[in-house]
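Residue numbers (the working numbering): 203 to 293.
The beta-carbon is built from N, C-alpha and C at its ideal position, and this holds for glycine as well.
Everything numeric in this text was worked out from a predicted model, so none of it was measured.
As C-alpha coordinates, the structure follows; a few thoughts come after it.
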(Lines of atoms letter the chains of each structure in order from A and count residues from 1; the text may use other names and numbers.)
(Lines give C-alpha, C1' and ligand atoms only; values in the text may rest on other atoms or scores of the structure.)
Protein backbone atom coordinates (compact mmCIF):
# COMPACT_ATOMS: atom_id res chain seq x y z
CA UNK A 1 0.00 0.00 0.00
CA UNK A 2 1.39 3.39 -0.99
CA UNK A 3 0.48 6.42 1.09
CA UNK A 4 0.62 10.02 -0.16
CA UNK A 5 3.32 12.20 1.37
CA UNK A 6 2.30 14.04 4.54
CA UNK A 7 1.46 17.71 4.09
CA UNK A 8 2.72 20.20 6.67
CA UNK A 9 2.56 23.96 6.98
CA UNK A 10 5.69 25.81 5.87
CA UNK A 11 6.22 27.79 9.06
CA UNK A 12 9.26 27.35 11.28
CA UNK A 13 8.01 24.14 12.90
CA UNK A 14 6.71 22.69 9.63
CA UNK A 15 10.03 23.23 7.87
CA UNK A 16 11.90 21.64 10.80
CA UNK A 17 9.51 18.66 10.76
CA UNK A 18 9.85 18.23 6.99
CA UNK A 19 13.63 18.26 7.35
CA UNK A 20 13.53 15.52 10.00
CA UNK A 21 11.07 13.37 8.05
CA UNK A 22 13.15 13.53 4.86
CA UNK A 23 16.60 13.28 6.47
CA UNK A 24 17.23 9.70 5.32
CA UNK A 25 16.34 10.54 1.71
CA UNK A 26 13.54 7.98 1.36
CA UNK A 27 10.53 10.04 2.51
CA UNK A 28 8.75 12.87 0.75
CA UNK A 29 6.85 15.73 2.41
CA UNK A 30 4.62 18.37 0.86
CA UNK A 31 5.18 21.85 2.35
CA UNK A 32 2.17 24.16 2.10
CA UNK A 33 2.25 27.94 2.32
CA UNK A 34 -0.34 30.58 1.54
CA UNK A 35 1.85 33.37 0.21
CA UNK A 36 3.11 34.10 -3.26
CA UNK A 37 6.52 35.25 -4.41
CA UNK A 38 8.30 37.22 -1.73
CA UNK A 39 9.25 40.84 -2.08
CA UNK A 40 12.84 41.91 -1.43
CA UNK A 41 11.60 44.03 1.50
CA UNK A 42 10.96 40.81 3.45
CA UNK A 43 14.72 40.24 3.58
CA UNK A 44 15.50 43.67 5.09
CA UNK A 45 14.79 43.91 8.85
CA UNK A 46 14.40 47.70 8.68
CA UNK A 47 11.38 47.31 6.35
CA UNK A 48 9.61 44.76 8.53
CA UNK A 49 7.19 47.28 10.14
CA UNK A 50 6.16 48.42 6.65
CA UNK A 51 4.89 44.91 5.87
CA UNK A 52 2.24 44.99 8.60
CA UNK A 53 -1.32 44.76 7.27
CA UNK A 54 -0.16 43.96 3.74
CA UNK A 55 -0.67 40.87 1.60
CA UNK A 56 2.17 39.06 3.44
CA UNK A 57 0.56 39.52 6.89
CA UNK A 58 -2.33 37.39 8.21
CA UNK A 59 -3.33 40.40 10.37
CA UNK A 60 -4.34 38.41 13.47
CA UNK A 61 -5.57 40.38 16.48
CA UNK A 62 -6.21 38.78 19.86
CA UNK A 63 -9.20 39.45 22.05
CA UNK A 64 -8.64 42.20 24.65
CA UNK A 65 -6.96 40.64 27.66
CA UNK A 66 -8.92 40.87 30.91
CA UNK A 67 -5.98 41.98 33.08
CA UNK A 68 -4.04 43.88 30.45
CA UNK A 69 -6.76 46.16 29.02
CA UNK A 70 -5.55 45.82 25.45
CA UNK A 71 -5.44 43.40 22.54
CA UNK A 72 -2.35 42.14 20.75
CA UNK A 73 -1.73 42.51 17.02
CA UNK A 74 0.02 39.33 15.97
CA UNK A 75 2.00 39.78 12.79
CA UNK A 76 2.27 36.40 11.07
CA UNK A 77 3.82 36.13 7.63
CA UNK A 78 2.19 34.17 4.81
CA UNK A 79 5.60 33.34 3.29
CA UNK A 80 7.62 30.17 3.81
CA UNK A 81 9.49 30.23 7.12
CA UNK A 82 9.25 34.03 7.57
CA UNK A 83 6.87 34.21 10.54
CA UNK A 84 9.69 33.86 13.06
CA UNK A 85 11.46 36.91 11.61
CA UNK A 86 8.26 38.86 11.15
CA UNK A 87 7.12 38.27 14.74
CA UNK A 88 10.52 38.98 16.31
CA UNK A 89 11.11 42.20 14.42
CA UNK A 90 7.69 43.71 15.07
CA UNK A 91 7.01 42.85 18.69
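For residue 234, the enclosing beta strand (DSSP E) starts and ends at 232-234.
Straight across, the Cα-Cα distance linking residue 223 with residue 234 is about 15 Å. In the DSSP annotation of this structure, residue 211 is not part of any alpha helix (DSSP H); the continuous beta strand (DSSP E) holding it starts and ends at 209-211. Around the beta carbon of residue 204, fewer than 16 other beta carbons sit within 10 angstroms, so the residue counts as exposed. Rounded to the nearest angstrom, the gap between the Cα atoms of residue 210 and residue 252 is 28 Å.
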